[in-house]
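Please read the structure below before turning to the comments.
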Amino acid sequence: TNLASIKMRNDAQGAYIEVNTSQRSSVESKKHDLKQMVECALALACDEVTHGDGYPGWTPNPQSPLVEVTRRAYTDLLRKEPQVLAIHAGLECGLFLEKYPYLDMVSIGPQMYGVHSPQERLSISSTGRCYQWLCRILETL
Numbered sequence: 008t009n010l011a012s013i014k015m016r017n018d019a020q021g022a023y024i025e026v027n028t029s030q031r032s033s034v035e036s037k038k039h040d041l042k043q044m045v046e047c048a049l050a051l052a053c054d055e056v057t058h059g060d061g062y063p064g065w066t067p068n069p070q071s072p073l074v075e076v077t078r079r080a081y082t083d084l085l086r087k088e089p090q091v092l093a094i095h096a097g098l099e100c101g102l103f104l105e106k107y108p109y110l111d112m113v114s115i116g117p118q119m120y121g122v123h124s125p126q127e128r129l130s131i132s133s134t135g136r137c138y139q140w141l142c143r144i145l146e147t148l
């Protein structure tokens, strides 16, 4: 759970405090459970609790052919093994899989630091390597 923002509002609806949180999980049922826990906690202090949809969870398949293509492209390009892992975040992959559940997917990206904070940044050099990696994957497919 990420406490995204707290804003004090005073508009046509009156004065109120708006609290935005984000619940993430690669497992949709766990994300739902987190959402319920946050709702119960906020309901103790709030008149109204509403929910947005957020990103759906997705469970990567470490045995997929695309993972192997991606791993091989990384190793060929950088001469070392990539770190292949699943993270707890809901990613855009979940949105695609909702509409096209048969797709084989991976998610790759540059090195990022302080994600979802005022100090969020990414490594420019790793962004260049990630672009080269993506090109190598596409050449292979």
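Each residue of the sequence shown is one higher than the last, beginning at 8 in my numbering. All C-beta atoms, glycine included, are put in the ideal place defined by N, C-alpha and C.
For residue j and residue i, the rounded distance between their alpha carbons
i: E25; j: G121; result: 24 Å
i: R31; j: L110; result: 21 Å
i: L129; j: I115; result: 13 Å
i: R143; j: C100; result: 20 Å
i: Q90; j: E105; result: 26 Å
i: D54; j: M44; result: 16 Å
i: Q118; j: R86; result: 18 Å
i: G59; j: T147; result: 39 Å
i: A93; j: N68; result: 9 Å
i: P125; j: S12; result: 11 Å
i: P108; j: K14; result: 38 Å
i: C137; j: E75; result: 16 Å
i: T66; j: S36; result: 12 Å
i: L98; j: R16; result: 30 Å
i: T57; j: A50; result: 10 Å
i: R78; j: E88; result: 7 Å
i: L141; j: E127; result: 23 Å
i: N9; j: P72; result: 33 Å
Simplified DSSP assignment, three categories, for residue i
i: A160; result: In the structure as shown, the chain starts at 8 and stops at 148, and residue 160 therefore has no counterpart that could be examined.
i: R16; result: strand
i: S32; result: coil
i: L10; result: strand
8 Å contact criterion, which residue i and residue j should meet: CB distance rounded
i: S29; j: G61; result: 6 Å
What runs of the alpha helix (DSSP H), each 4 residues or longer, lie entirely inside the segment 57-130?
You should have 72-85, 99-106.
Is the number of C-beta pairs between the segment 15-23 and the segment 34-52 that are closer than 8 Å three or more?
Cβ pair count under 8 Å is below three, so no.
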